[in-house]
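Quick note on the UniProt record's numbering: the sequence shown kicks off at 1 and runs consecutively. In what follows, a structure is listed as structure tokens, so that the remarks can point back to it.
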Amino acid sequence: MRAKRWVQNPPSPARVKLVFAVALVAAVIFGLEYFGFWPAWATADRISRRLF
């Protein structure tokens, strides 16, 4: 159903560029974290779920 709507009313070139840019940023962040280049200050620490 969605593909049919996209054929009838395709997204603008700016929207397509935006989607690819967001996907590229996400892939770069994943790659940095996967290969160990992600800084320690940007990593969230796990907290326990216990209240006491």
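Just so it is clear, CB atoms sit at the ideal spot from N, CA and C, and this is done for glycine as well.
In the DSSP assignment, Phe20 falls within the unbroken alpha helix (DSSP H) covering Pro13 to Tyr34. The Cβ atoms of Trp41 and Leu32 do not sit closer than 7 Å to each other. In the structure shown, Trp38 adopts coil according to DSSP, grouped into three states.
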